[in-house]
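To convert, count from 1 in the sequence shown and add 21; that's the working numbering.
For glycine and all other residues, C-beta sits at the position ideal for the given N, C-alpha and C.
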Amino acid sequence: MIYIKLAENKEIIDKKNINFLERIKNRFVKIKVEINENKTLVIINDVSNKTLNSLSKYIKKNCINKVCISNNLQNNKIFMEFIKNENVKILDGKWLFKHLANNCADYICKCKRENLAYQEVSFLSNGISDIVVENIKDISSKVKILNVITQDERKFRKVERELYEEKGIILNMNNNYKKSLTKSDIIFNFDFTEEELNKYTLPKRTCIINLNESVKINLKSFEGINVEFFEIPMPRKYLKNSIYLNDFDNSVLYESYIYKNTSCKNIINEIEKDGVNISFLSGKSGRIRKNEYLNLSKKIAN
């Protein structure tokens with residue numbers, strides 16, 4: 022795992038503090054590697070072909086398989102196109118987002134001033150994975166109704182049976198375009214594309230959380246909230262690391278700190294132990310104001 026950022030002014034070469042020979046040498050420096058608190062930070066001077074070639078050689082030579090990218094590079098099309106072709110896992114916060122589904126539901130209900138126990142929640146997922154199953158098991162016991170909308174119900178029969186046998190919880194599964202989502206207060210979209218989602222009739226006021234890719238809602242009557250990402254405060258135990266990585270998004274950084282091959286339950290337990298909570302959810306236009314959620318309240322007539 023390495024962290025990559027674009028150099029700010031004089032970050033790589035401070036001309037006031039080096040002699041002539043060092044200046045000549047540094048004209049050819051394309052990347053700089055720093056190690057702080059066991060974290061490797063690679064600073065690139067620019068996004069020229071020579072610099073990106075040097076970075077590519079470094080990645081291959083050191084067998085790098087995961088990268089965390091600074092804010093200024095995430096917005097750089099040239100760099101993002103380059104890094105996507107380097108056969109590395111790019112941490113972008115989406116893995117963490119899926120592990121925070123329960124936190125998102127709590128946050129939304131708090132902002133709406135409603136109880137989670139009275140909410141109808143829907144999961145949109147064609148594929149089944151450990152994190153989808155773990156979220157189903159976790160949230161189903163806390164809400165009024167949990168629906169799973171999928172193109173392949175057979176994949177979810179096992180978890181449906183386990184919930185009923187172990188907890189007496191009935192999991193609603195259907196794929197009716199007109200009726201499946203019409204009463205949903207919160208919709209978690211795990212993997213539906215924009216085209217797939219827009220086939221369904223949506224409630225006028227609901228909160229859709231896109232945990233994978235951003236999705237545009239084409240329904241003209243839609244007055245709800247369409248969530249694309251999240252913000253969290255950095256847990257105290259990681260603040261020291263973050264001093265050296267001040268140009269990185271907190272959510273992406275935290276994901277890099279806890280990303281590992283273990284069970285979803287272990288990750289969720291670690292998140293709870295670290296005391297992570299949602300600060301804000303964001304949409305296409307940025308942060309969603311907390312008072313906007315009040316418009317989704319059931320007290321407002323549809």
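In its own chain, which residues sit with a C-beta less than 7 Å from the C-beta of residue i, not counting the 5 before and 5 after it?
i	result
residue 190	161, 162, 184
residue 80	107, 109
residue 23	61, 63, 85, 88
residue 291	279
On a Cα-Cα basis, can you pick out the residue from the options that is closest to residue i?
i	options	result
residue 194	187, 208, 177, 206	177
residue 232	186, 116, 207	116
residue 112	279, 124, 55, 149	279
residue 51	57, 129, 58, 25	25
residue 179	199, 200, 150	150
residue 58	284, 298, 123, 263	263
Could you pull the start and end residues of the alpha helix (DSSP H) that residue i belongs to?
i	result
residue 150	Note, residue 150: premise wrong, no alpha helix (DSSP H); not H, not E.
residue 94	92-95
residue 72	70-82
residue 274	271-279
If we ignore side chains and look at the alpha-carbon of each, how far apart do residue i and residue j end up?
i	j	result
residue 156	residue 254	22 Å
residue 61	residue 87	12 Å
residue 303	residue 247	8 Å
residue 173	residue 147	6 Å
residue 131	residue 288	24 Å
residue 301	residue 310	8 Å
residue 167	residue 141	6 Å
residue 118	residue 275	11 Å
residue 68	residue 242	44 Å
residue 229	residue 82	43 Å
residue 46	residue 55	Legend: pLDDT at residue 46 = 49, less than 50; position of this residue unreliable, value from coordinates given subsequently. Their Cα atoms are separated by approximately 18 Å.
residue 322	residue 225	The predicted model places residue 322 with a pLDDT of 47, which falls under 50 and marks its position as unreliable, so this point remains unresolved.
residue 154	residue 197	22 Å
residue 78	residue 273	25 Å
residue 220	residue 143	15 Å
residue 136	residue 127	9 Å
residue 312	residue 101	35 Å
residue 31	residue 66	Model confidence at residue 31 stands at a pLDDT of 47, short of 50, so the residue's coordinates are unreliable; what they give is reported in the following sentence. Cα to Cα, the separation comes out at about 10 Å.
residue 103	residue 284	32 Å
Please say whether residue j and residue i have beta carbons closer to each other than 8 Å?
i	j	result
residue 145	residue 251	no
residue 171	residue 205	no
residue 27	residue 94	yes
residue 20	residue 260	It is not possible to answer for residue 20, since the shown part of the chain is limited to 22 through 323.
residue 158	residue 138	no
residue 317	residue 133	yes
residue 218	residue 210	yes
residue 235	residue 216	no
Starting from residue i, follow the beta strand (DSSP E) in both directions and report where the run begins and ends.
i	result
residue 184	Not the beta strand (DSSP E): residue 184 falls in the alpha helix (DSSP H), residues 178-188.
residue 57	52-57
Under 8 Å Cβ to Cβ from residue i, same chain only, skipping five residues before and after it: list those, please.
i	result
residue 258	295
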